[in-house]
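According to the numbering used here, the stretch in the sequence shown is residues 11 to 356, in order. Heads up: the structure comes next, in structure tokens.
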Amino acid sequence: MLAELDSLKATALAELGRLQDAKALEDWRIRYLGRKGTVTQALRGLSALPLEERRALGVAANALKALLEEGYAQRLQALRKAELSARLRREALDLTLPGRPPALGRLHPTTQMLRQICGVFASMGFQVVEGPEVEWDYYNFEALNIPADHPARDMWDTLWIDGADPQGQRARLLRTHTSPMQIRVMEQTRPPVRVVVPGKVYRYEATDATHESMFHQVEGLAVDEGITFADLKGTLYEFAKALFGVERKVRFRCDYFPFVEPGVEMAIDCFACAGKGCRLCSGTGWIEIMGAGMVHPEVLRRVSYDPERYTGFAFGLGLERIAMLKWGIDDIRLFYANDLRFLRQF
Ligand SMILES: [Zn+2]
């Protein structure tokens, strides 16, 4: 029996020395020290032996049990230590490595241009307001001196929501310009009025490099006592210099818009060729950048402003057109094609 215990001890210790992981160690513990383990069974078997034998073997078996328990505890600790250092090696951080910068978003070129333009006018005392994109015929046309049978309606290819109303006025449409906000602002305030209105406008037309069915305009309106054409020129000249450089020259020529009288189109001297003539300015040396004019007395009467007392000027520009000129973009469709190669350049 003692010999059996000795060989048990030898096998158990040899196995213990070879164990490489916690799972194998646990199996080993169950095999030898568990409730049905070899050593436990041996101890239990002692009770069947005569007293003398029992005493001698009991001491040896208990010693073996203590020895194996001790061995188990040491092995467990060693394995844990090894596992920990392996994990530390595996998960080691190199604190000297440079970090990965997060990809930052940026503002869409349209938004950047919009903020820049509104910023210029805000610095001159204009307030920025916005209006609805779904608009009544009344605000988009009628109140702006463009009645239902007026040929000037052909200037805007309209997207109707309700279908054109022969009586005008009560039909809804997608606004074709930001000018309806002139009426809405004046209906709700008394002079002095100084506002710029940025926003989306819609046209029912085929798209090409210079036309989109949706684009942005910035509308401007100033109404007060004693406003003259000189105020219009001075304000828009300041704007042109702020956006296209202080050396810019401006040119005003007669143009027609039903809600202004007189109406003008404003051009700046070509910043690419300094007026000599190039592809950008089609050889003319001038680039048209917006339409403007003195607010038509009929429009003032519509909102119960006395045209004998108040005068004003209004202007409207195409935001994408300004951005294309400033950044040398040759196709308006690029703005809304969501091509990151384009958008990341701004
Ligand atoms: Zn030019």
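Glycine included, each C-beta is placed from N, C-alpha and C at the ideal position.
Open item on the list: By the DSSP assignment, the beta strand (DSSP E) with Leu231 in it spans what residues?
Closed with: Within the sequence shown, numbered from 1, the residue matching residue 231 stands at position 221. For Leu231, the enclosing beta strand (DSSP E) begins and ends at Met224 to Glu235.
TODO: State the DSSP-derived secondary structure class of Glu275, mapped to helix, strand or coil.
DONE: Taking the first residue of the sequence shown as position 1, residue 275 is located at position 265. Note: Glu275 maps to strand in three-state DSSP.
Task: Bounding residues of the beta strand (DSSP E) (the contiguous stretch that carries Cys264) - done: Here residue 264 corresponds to residue number 254 of the sequence shown, with the count starting at 1. Here the beta strand (DSSP E) through Cys264 covers Val260 to Asp265.
Task: Contact the stretch 185-201 vs the stretch 220-232: 3+ CB pairs below 8 Å - done: In short, these stretches touch, since the Cβ pair count reaches three.
Open item on the list: Among Met134, Thr121 and Ala70, whose alpha-carbon lies nearest the alpha-carbon of Asp241?
Closed with: Translated into the one-based positions of the sequence shown, residue 241 becomes position 231. Here the closest residue by C-alpha is Met134.
TODO: Report yes or no: do the stretch 16-25 and the stretch 72-82 share at least 3 C-beta pairs separated by less than 8 Å?
DONE: At 8 Å Cβ cutoff, the stretches touch.
- [ ] Using alpha carbons as the reference points, say which of Ala73, Arg99 and Asp31 lies closest to Arg358.
- [x] As shown, the chain starts at 11 and ends at 356. That puts residue 358 outside it, with no answer to give.
Task: Environment of ligand 1 in chain order, Cβ to heavy atom below 5 Å - done: Taking each Cβ in turn, the ones that pass are Cys280, Ala282, Cys283, Cys288, Leu290 and Cys291.
Task: With 16 other Cβ atoms within 10 Å as the buried cut-off, status of Ala181 - done: Here residue 181 corresponds to residue number 171 of the sequence shown, with the count starting at 1. The residue is buried, with at least 16 neighbouring Cβ atoms inside 10 Å.
- [ ] Taking Ser223 as the reference, give the member of Gly328, Gln355 and Pro317 with the closest Cα.
- [x] Here residue 223 is taken as the residue at index 213 of the sequence shown, counted from 1. Nearest C-alpha to Ser223: Gly328.
TODO: Out of Thr217, Gln198 and Phe225, state which residue places its alpha-carbon closest to the alpha-carbon of Val211.
DONE: Locating residue 211 in the sequence shown gives position 201, counting from the first residue. Out of Thr217, Gln198 and Phe225, Phe225 has the C-alpha closest to the C-alpha of Val211.
Open item on the list: Quick check: what's the CA-CA separation for Ile339 versus Phe345?
Closed with: Looking up residue 339 in the sequence shown gives position 329. Looking up residue 345 in the sequence shown gives position 335. Their backbone Cα atoms lie some 9 Å apart in a straight line.
TODO: Helix, strand or coil for Leu169, going by three-state DSSP, please let me know.
DONE: What you label residue 169 is simply residue 159 of the sequence shown in a count that begins at 1. Strand, per DSSP.
Open item on the list: By the three-class DSSP mapping on this structure, what secondary structure does Pro190 have?
Closed with: The count along the sequence shown starts at 1 and reaches residue 190 at position 180. Of the three classes helix, strand and coil, the one that applies to Pro190 here is helix, per DSSP.
- [ ] Along the beta strand (DSSP E) that carries Ile299, what are the first and last residues, could you check?
- [x] Within the sequence shown, numbered from 1, the residue matching residue 299 stands at position 289. For Ile299, the enclosing beta strand (DSSP E) begins and ends at Trp296 to Val305.
- [ ] Can you give me the start and stop residues for the alpha helix (DSSP H) that Val130 sits inside?
- [x] Walking along the sequence shown from the start, residue 130 turns up at place 120. Start and end: Pro119 to Ala132.
TODO: Evaluate the contact criterion for the stretch 238-253 versus the stretch 128-143: three or more CB pairs, one atom per stretch, below 8 Å.
DONE: Touching, yes.
Open item on the list: Quick check on the burial criterion: 16 or more other C-beta atoms within 10 angstroms. Buried or exposed for Tyr320?
Closed with: As a first step, residue 320 must be located in the sequence shown, where it is residue number 310. Label assigned to Tyr320: buried.
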